[in-house]
Amino acid sequence: MQNLSARQFLDKNLQRDVFDILQRTNFNPKNLELEITESLSMFDVNTSISIMDSFTNKGISISIDDFGSGYSSLSHLHLFPIDKLKIDRSFINLIGSNNNDSLIPTIIALAEQLNLRVIAEGVETADQLEKLRQLKCQMVQGYYFSKPLPANEFSALLHQTAKDLTN
């Protein structure tokens, strides 16, 4: 997964550069996911759709990060060639409060209607994880599992987790 800043996403050379790198490295585009923020996707809808289409037509996945934290038009969301919605951590932090009880299930239902996978960002507690399981959230990420790690530490964690799961 590669996060793109607004400047990167709107750079006129981005598509050419990404496609060149994929070709030079023989990297399968189906293994690449580009992540843009919700507010960026709404900046210029037609331009955003055009850029996203150029990537998805080559097999690259697109996800919308921080969903629910910015301005979005639900009437435009279905137009974007995206695969995933990432629920902003601000919603996850409110799990258990009355203010949040209907928001996460609503976002999950919306994603299901649009055939999108859902990732909850910022999961830090067992209670948050359990609530998201009950809501049938498909994927989660956050410090509950691990802080960001260098590649060698991540590899060791992956091997240890695999070993723990098989024992």
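Those letters in the sequence shown? Residues 1150 to 1316, by the numbering used here.
From the three backbone atoms N, C-alpha and C, an ideal C-beta is built for every residue, glycine too.
{"Asked": "Output the residue ranges of the beta strand (DSSP E) runs that lie fully inside the region 1150–1225 and measure 3 residues or longer, sorted by chain position.", "Found": "1182–1186, 1210–1216"}
{"Asked": "Would E1261 and D1215 qualify as a contact pair, given that the criterion is a beta-carbon distance under 9 Å?", "Found": "no"}
{"Asked": "May I ask which residues mark the beginning and end of the beta strand (DSSP E) holding I1257?", "Found": "First-last for I1257: 1252–1262, but that is the alpha helix (DSSP H), not the beta strand (DSSP E)."}
{"Asked": "So I1236 is in the beta strand (DSSP E); what residue range does that whole segment cover?", "Found": "1233–1236"}
{"Asked": "From this set, V1194, I1211, A1155, which residue's C-alpha is nearest L1181's C-alpha?", "Found": "I1211"}
{"Asked": "Check this for me: beta carbons of Q1277 and Y1293, under 9 Å apart or not?", "Found": "yes"}
{"Asked": "Looking only at its chain, what residues have a beta carbon closer than 6 Å to the beta carbon of E1184, apart from the 5 residues adjacent to it on each side?", "Found": "M1150, N1152, S1212, D1214"}
{"Asked": "Could you check whether L1189 and F1240 sit closer than 9 Å to each other, using their CB atoms as the reference points?", "Found": "no"}
{"Asked": "Going by beta carbon distance, what residues of the same chain come within less than 6 Å of G1208, once the five residues before and after it are set aside?", "Found": "P1178, K1179"}
{"Asked": "Between which residues of its own chain and E1273 is the CB-CB distance below 7 Å, once the five residues before and five after are set aside?", "Found": "G1291, Y1292, Y1293"}
{"Asked": "Based on DSSP bridge pairs, tell me the residues matched to A1269.", "Found": "I1236, V1289"}
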